[in-house]
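Be aware that the sequence shown starts at 1, since it is given in full-length UniProt numbering, and climbs by one per residue.
Don't be surprised by glycine CBs; every beta carbon is placed ideally from N, CA and C.
None of these values were measured; they are calculated from a predicted model.
Read through the structure below, which is laid out as structure tokens, and then see the notes.
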Amino acid sequence: MQTATARRTVGDTPAGGSVLGFYAPKGTPRPPRVARAEGVFLWDEDGRRYLDATSGAVVTNIGHGNPAVLQAMQAQARKVTFAYPRFFESEDSIALADRVCALAGPGLDRAFFVSGGSEANESALKLARQYAVVSGQPGRWKVISRNPSYHGATLGALTVTGDASAHALYGPMLRAQPKVAAPLSYRVPDGHSVESFEAACAQALEDTIVREGADSVLAFILEPIGGLSTGAVVSSPAYFRAVREICDRHGVLLVFDEIMSGAGRTGRFLAAHHWPEARPDLVTLAKGLAAGYTPLGAVLAPERIVDAVAASGGFVHGHTYFTNPLSCAVANAVLDEVVRQDLVARAQAAGAYLKDRLHALAARSPLVGDVRGLGLLGAIELVADKASRRALPVDFNAPARLTEHGLRHGIALYNRRANRGEFGDFQMVTPPLTASDAELDLLVELLERALADLHDEVRG
Ligand code: PLP
1 MQTATARRTV GDTPAGGSVL GFYAPKGTPR PPRVARAEGV FLWDEDGRRY LDATSGAVVT
61 NIGHGNPAVL QAMQAQARKV TFAYPRFFES EDSIALADRV CALAGPGLDR AFFVSGGSEA
121 NESALKLARQ YAVVSGQPGR WKVISRNPSY HGATLGALTV TGDASAHALY GPMLRAQPKV
181 AAPLSYRVPD GHSVESFEAA CAQALEDTIV REGADSVLAF ILEPIGGLST GAVVSSPAYF
241 RAVREICDRH GVLLVFDEIM SGAGRTGRFL AAHHWPEARP DLVTLAKGLA AGYTPLGAVL
301 APERIVDAVA ASGGFVHGHT YFTNPLSCAV ANAVLDEVVR QDLVARAQAA GAYLKDRLHA
361 LAARSPLVGD VRGLGLLGAI ELVADKASRR ALPVDFNAPA RLTEHGLRHG IALYNRRANR
421 GEFGDFQMVT PPLTASDAEL DLLVELLERA LADLHDEVRG
């Protein structure tokens with residue numbers, strides 16, 4: 001049964017009357033209109049409840065409506081909501097930087113706060129570039145990244161995003177940057193095992209650095225566990241060790257985009273902590289850092305880079321809302337909750353619990369070909385045929401169909417189809433870290449209902 005809101009379609013309101021017209025195809029059903037949210041649930045204006053199975057866009061790590069965070073937000077708003085950081089320091093941003101860097105560990109000693117993920121990646125790459133210039137390597141500017149990958153929607157972040165469909169549209173506006181294959185684990189090329197493909201992907205990085213000329217390569221950026229790019233593919237320590245060695249050998253900075261995987265979601269504060277051999281030079285965060293209560297992103301960087309840039313006159317970069325005191329105060333309150341509820345450990349335990357149930361679901365559902373992820377950064381891969389791993393027809397757009405079925409069953413399944421399904425279709429399964437076992441059971445039950453509807457549709 002659909003709500004009155006959901007039955008309307010995008011484009012049925014006069015031009016200018018609908019922000020939806022900007023991002024949803026004309027004629028698609030309008031999503032429900034949100035009225036309130038609490039814990040792992042959202043309610044629409046008709047009172048229907050939806051389980052937030054993906055934490056929105058993998059954002060609401062501590063769940064919705066946390067009273068302590070709301071209180072901190074109100075208290076900070078009464079003190080000061082905006083003070084431009086070039087004129088005023090803010091106590092909360094300093095405290096947040098100290099706490100985030102302590103959690104990130106040695107080698108990530110400084111934090112720079114921005115408004116979101118794309119801004120964080122832009123900032124990290126500009127910091128890397130300025131560091132190269134001030135440390136006598138002005139020829140280094142190329143940033144190698146992986147295909148598929150997602151690093152943001154702004155033009156700079158798009159240059160390093162591995163998404164052929166985005167490049168087909170915006171390519172003429174972008175300066176091409178070298179790409180190497182991401183080591184997918186479910187769809188490895190013929191003749192490869194997962195291990196040999198990982199080794200080949202690492203070798204491709206070295207070959208690309210050499211081909212491009214090591215003196216011109218600034219950085220290699222990757223998502224240690226991909227989100228909507230790879231669908232939560234987890235690589236082996238051998239891959240990360242090889243990548244680190246290659247970057248060291250050629251003086252290339254290693255940047256981990258932890259916008260989705262950071263802030264505790266994978267059962268460690270940073271996903272990088274699962275592979276101590278990786279030692280990224282720069283790390284970007286967003287999403288779970290302020291958990292959707294305010295917009296916030298961060299660049300974590302070593303002292304040597306920040307000091308060298310500061311000594312040369314300071315970072316030639318900034319945004320109006322960088323180091324925003326309200327966002328930083330909220331993120332401190334979010335971190336308090338992460339610590340108080342021991343949510344990083346909970347992500348690990350809940351992730352293991354959920355994965356067991358998703359494996360059981362995969363055994364029952366003809367459409368689920370793979371279950372993967374770490375902690376609560378999980379995904380299931382949707383297939384037409386499990387034996388051959390054949391993907392569903394591209395035109396069918398299974399993720400969008402599943403989202404629609406999910407809404408009918410009271411489960412919100414965020415999805416965004418990267419690469420026009422070139423690397424298969426998957427559904428992220430990334431609930432808030434606060435989800436109880438009973439809520440995880442409900443998630444799987446509702447997801448199974450949505451998958452059953454999808455299966456009926458596939459069979460025609
Ligand atoms: N990098 C990764 C890995 C992401 O998942 C995202 C967003 O989904 C971004 C960057 C961009 O972040 P934002 O949408 O906050 O700009």
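What would DSSP say about residue i, mapped onto helix, strand or coil?
| i | result |
| --- | --- |
| H359 | helix |
| V143 | strand |
| K26 | coil |
| L254 | strand |
| I259 | coil |
| E448 | helix |
| Q427 | strand |
| L440 | helix |
| V59 | coil |
| R241 | helix |
| L205 | helix |
| A232 | coil |
| Q2 | Residue placement at Q2 is flagged as unreliable, the pLDDT there being 42, under the threshold of 50; the coordinate-derived value follows with that caveat. Note: Q2 maps to coil in three-state DSSP. |
| H455 | helix |
| L289 | helix |
| R249 | helix |
| A298 | strand |
| A412 | strand |
| V283 | strand |
| H273 | helix |
| G16 | Below a pLDDT of 50, predicted positions are generally treated as unreliable, and G16, at 48, falls in that range; no measurement from the model is reported. |
How far does the alpha helix (DSSP H) with residue i in it reach, from first residue to last?
| i | result |
| --- | --- |
| G406 | 398-409 |
| V309 | 303-311 |
Could you check how far apart the C-beta atoms of residue i and residue j are, in whole angstroms? I think they sit under 8 Å.
| i | j | result |
| --- | --- | --- |
| A329 | A72 | 6 Å |
| F140 | A132 | Residue identity differs from the one stated: residue 140 is Arg in this sequence, not Phe. Yes, they are in contact, since the Cβ atoms of R140 and A132 sit about 4 Å apart, within 8 Å. |
| V231 | F426 | Inspection of the sequence shows that residue 231 is occupied by Gly rather than by Val. At roughly 3 Å, the Cβ-Cβ gap stays under 8 Å, so G231 and F426 are in contact. |
| G113 | A298 | Correcting the residue type first, residue 113 is Phe in the shown sequence and not Gly. Contact flag correct, Cβ pair sits at about 5 Å. |
| residue 461 | P302 | Outside the shown range of the chain, which is 1 to 460, sits residue 461, and nothing can be said about it. |
| Y50 | G410 | 5 Å |
| L447 | A53 | 7 Å |
| Q341 | T434 | 7 Å |
| A350 | L440 | 6 Å |
Locate the beta strand (DSSP E) running through residue i, then write down its first and last residues.
| i | result |
| --- | --- |
| V217 | 217-222 |
| F41 | 41-44 |
| A37 | 34-38 |
| L433 | No beta strand (DSSP E) contains L433, which DSSP labels as neither H nor E. |
| R265 | Taken as a continuous stretch (DSSP letters only), R265 belongs to no beta strand (DSSP E), as it is neither H nor E. |
| L51 | 49-52 |
Worksheet entry | beta strand (DSSP E) runs contained entirely in the stretch 65-129, provided each spans 3 or more residues | 110-114
Worksheet item: Enumerated in chain order, which unbroken segments of the beta strand (DSSP E) with a length of 3 residues or greater are wholly contained in the stretch 324-389?
Response: 368-374, 377-382
Practice prompt. Taking only runs that begin and end inside the stretch 146-197, name each unbroken alpha helix (DSSP H) of 4 or more residues, in chain order.
Written response: 155-160, 164-170
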